[in-house]
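Undergrad: Let me begin by handing over the structure; questions about it come next.
In my numbering, the protein residues as written are 37 to 444.
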């Protein structure tokens, strides 16, 4: 049974919708990385919700270290070849999840610029046009507002479209469709229409891609009622979140980071789905809770190695669900460590960290032994120059300094 909840479709328990319900090289490709295996999460839709108010986060360290690289996580990658499953790059994991859902449900379709026979700007849809045909993998003109609106209309008629923005910054041209149509139609129609659409694409600060191609749009979309937002950070959760987003009756924005597409991991052969509303415990710890997502997960894990050598025991959580927050997992961690550090690539003013700070303060203030610290990108357009670009993004050394100050 589906009900209207703040413009979202709430299903309890989850039941997969049926068919009626419903070659250029990479731009500056990153190095291949390896991360540890994780257990599959159950797909559970929870109906509790809170309003997150924007609160100005605490000041951060002014030190900037020019070494912005995504580093290897703490893992036993040397033995990865002996583990069950198969090894995929992150963009291949996204494609595998998409292909599995297109096989499962004929209502699933893809549309966007160059998603067809070219295979997408980062090859997430490579080979799908040949397999499924031009009607299910539709190349569109360079008109984001038009094809996003078309995708929303298709979702209203029972299809399950995946709209790819060649770059997430381009989807600002479709902000009206995403806000006034995608987010509101289920609510304003009194539940008569569902909008089961996935909007996805590359974003984040790349390697000298310039200001317009290095935008962090999480903060732009988080205030839109009626949509969910998730950010993938590993091949495992990229596939699991993609499949879950396609099956959801809600509009979902899936954020992918341009520097993580070539990250490699071994994932299970059997089918699995990640929850759209659950955070991932990356590293259990006792001294401080570090909340992060996307590319900053790897900066945090690099800093964690230094912190452990210094005698600290940080708990690292990849929040994954940017809207709504998994306050259950976050709250349990805060009650244990009593200190919180938020590390994000999003802008400082009105960013995800600001909303997360507000949510933690409202719900877990009595458990905090120190003010919440938020490390964010600077409120400037991302410079093209590599050195200046590094200075705008949080670096591992800043994370180490912040934890030392928090734990004094």
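All C-beta atoms, glycine included, are put in the ideal place defined by N, C-alpha and C.
Keep in mind it's a predicted model, so treat the numbers as computed, not measured.
Could you give the residue range of the alpha helix (DSSP H) that holds residue 164?
TA: Run containing residue 164: 164-168, per the alpha helix (DSSP H) assignment.
Undergrad: Quickly, what does DSSP pair residue 197 with across the bridge? List them, please.
TA: Residue 197 is bridged to 145.
Undergrad: Among 223, 151, 421 and 150, which residue has its Cα nearest to the Cα of residue 287?
TA: Comparing Cα-Cα distances from residue 287 to each of 223, 151, 421 and 150, the minimum goes to 223.
Undergrad: So who's on the other strand from residue 374, going by DSSP bridges?
TA: Per DSSP, none; premise fails for residue 374.
Undergrad: Please state whether DSSP places residue 432 in a helix, a strand or coil.
TA: Residue 432 falls in the helix class under three-state DSSP.
Undergrad: Whole angstroms is fine: what's the gap from residue 428's alpha carbon to residue 122's?
TA: Rounded to the nearest angstrom, the two C-alpha atoms are 36 Å apart.
Undergrad: Look at residue 271 and residue 300 and say whether their C-beta atoms are less than 8 Å apart.
TA: Yes, the pair counts as a contact, with Cβ atoms nearer than the cut-off.
Undergrad: Within the continuous beta strand (DSSP E) that includes residue 291, where are the two ends?
TA: Note, residue 291: beta strand (DSSP E), 288-293.
Undergrad: Using only CA atoms, which one of 416, 442 and 371 lies nearest to residue 246?
TA: Closest by alpha carbon: 416.
Undergrad: Using 8 Å as the threshold, is the C-beta distance between residue 312 and residue 255 below it?
TA: Contact flag unset, no.
Undergrad: Please go through the same chain and pick out, in chain order, the residues whose beta-carbon is closer than 8 Å to the beta-carbon of residue 185, but skip the five residues on each side of it.
TA: Only 210, 213 and 217 meet the Cβ criterion.
Undergrad: What does the Cβ neighbour count give for residue 320, buried or exposed, with the cut at 16 atoms within 10 Å?
TA: Label assigned to residue 320: exposed.
Undergrad: Could you say which of 323, 386, 148 and 266 lies nearest to residue 350 if we only look at CA atoms?
TA: With distances taken between Cα atoms, residue 350 lies closest to 323.
Undergrad: What do you reckon, are the CB atoms on residue 397 and residue 325 nearer than 8 Å?
TA: Their beta carbons are not under 8 Å apart, which means residue 397 does not touch residue 325 by this criterion.
Undergrad: For a test of the three-state rule: what should DSSP assign to residue 264, helix, strand or coil?
TA: Looking at residue 264 - three-state DSSP - the assignment turns out to be strand.
Undergrad: Please report the distance separating the alpha-carbon of residue 435 from that of residue 411.
TA: C-alpha separation (whole angstroms): 8 Å.
Undergrad: Return yes when the Cβ of residue 237 is within less than 8 Å of the Cβ of residue 265, no when it is not.
TA: No, the Cβ-Cβ distance between residue 265 and residue 237 is not below 8 Å.
Undergrad: Based on the DSSP secondary-structure assignment, which residues constitute the bridge partners of residue 237?
TA: In DSSP, residue 237 forms a bridge with 291.
Undergrad: Restricting to Cα atoms, I'd like to know which of 310, 215, 228 and 382 is closest to residue 418.
TA: Of the candidates 310, 215, 228 and 382, the one whose C-alpha sits nearest the C-alpha of residue 418 is 382.
Undergrad: Return the chain-ordered list of same chain residues with a C-beta closer than 6 Å to the C-beta of residue 126, the five sequence neighbours on each side being excluded.
TA: Hits under 6 Å: 271, 274, 296, 297 and 299.
Undergrad: Helix, strand or coil: how does DSSP classify residue 321 here?
TA: Note: residue 321 maps to coil in three-state DSSP.
Undergrad: Can you grab the Cα-Cα spacing for the pair residue 340 / residue 438, in whole Å?
TA: Answer to the nearest angstrom: the Cα atoms are 12 Å apart.
Undergrad: Tell me the DSSP secondary structure of residue 307 in three-state form.
TA: Correct three-state label for residue 307: coil.
Undergrad: List the endpoints of the continuous beta strand (DSSP E) containing residue 230.
TA: Neither: residue 230 is in no beta strand (DSSP E) and is coded neither H nor E.
Undergrad: Hey, residue 336 and residue 342 are a contact pair by Cβ (cut 8 Å); roughly how many whole angstroms apart?
TA: Not a contact, Cβ separation roughly 11 Å.
Undergrad: Is DSSP giving residue 259 helix, strand or coil here?
TA: In this structure, residue 259 counts as coil in the three-state DSSP scheme.
Undergrad: Considering only their Cβ atoms, is the gap separating residue 137 from residue 176 smaller than 8 Å?
TA: No; because the gap between Cβ atoms is not below 8 Å, this pair is not in contact.
Undergrad: Residue 285 to residue 304, Cα distance in whole Å?
TA: Using only the alpha carbons, I get a separation of about 26 Å.
Undergrad: Could you check what DSSP says for residue 314 in three-state terms: helix, strand or coil?
TA: It is coil, neither helix nor strand.
Undergrad: Please return the same chain residues whose Cβ sits closer than 8 Å to the Cβ of residue 422, not counting the five positions on each side in sequence.
TA: Only 243 and 244 meet the Cβ criterion.
Undergrad: If we ignore side chains and look at the alpha-carbon of each, how far apart do residue 414 and residue 310 end up?
TA: Taking the straight line joining both Cα atoms gives about 32 Å.
Undergrad: Taking all protein chains shown into account, do 16 or more other C-beta atoms lie within 10 angstroms of the C-beta of residue 179, making it buried, or fewer, making it exposed?
TA: Burial call: exposed.
Undergrad: Distance check for residue 404 and residue 371, CA to CA, integer angstroms please.
TA: Whole-angstrom Cα-Cα distance: 8 Å.
Undergrad: Starting from the C-beta of residue 249, find all residues in its chain whose C-beta is less than 7 Å away, skip the five residues before and the five after it, and write them out in chain order.
TA: Within the same chain, residue 249 has close Cβ partners 203, 205 and 242.
Undergrad: Starting from residue 354, trace the beta strand (DSSP E) both ways and give me its first and last residue.
TA: Unbroken beta strand (DSSP E) run through residue 354: 350-354.
Undergrad: Could you name the residues of the same chain whose beta carbon sits closer than 8 Å to that of residue 99, not counting the 5 residues immediately before and after it, in chain order?
TA: With a pLDDT of 36 at residue 99, under the threshold of 50, the modelled position of this residue cannot be trusted, and the question is left open.
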